[in-house]
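Residues in the sequence shown are numbered consecutively from 1, following the UniProt record's numbering. Built from N, CA and C at the ideal position, the CB exists for glycine as well. Notes follow the structure.
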Amino acid sequence: MSKDLVQCCFLYDFKVGLSEAASSRRIFQVFGDGTVNERTTRHWFKKFRSGDLSLCDEPRSRRPHALDDGACRLLLRRILVQRVVNL
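Written out as structure tokens, the structure reads:
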């Protein structure tokens, strides 16, 4: 089941006055296990209660990956050398 469809179900359930728990149960009953959890439902209902009825996800702020290619190559080389030595 697509994420977009689940989000539409959240909005529908919110508009008809279902609680977060009731919405989660209903979606689970209709679409099956692993479709949605209550935490996700609470997140979307909180967003709708704040007046934001859009179905777009907000961009998430995550730390940028700080990967040093040189350090990565050196680590891989050490792992390979260790494996050869252990043979």
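When C-beta atoms of the segment 38–46 are compared with those of the segment 6–13, three or more pairs fall below 8 Å, so the two segments count as touching.
Nearest in C-alpha terms to residue 23, of all of 33, 55, 53, 45, is 45. Secondary structure at residue 20: helix, using DSSP grouped into helix, strand and coil. Contact check for residue 7 against residue 55 passes: the beta carbons are separated by less than 8 Å. Collapsing the DSSP output to three states places residue 34 in coil.
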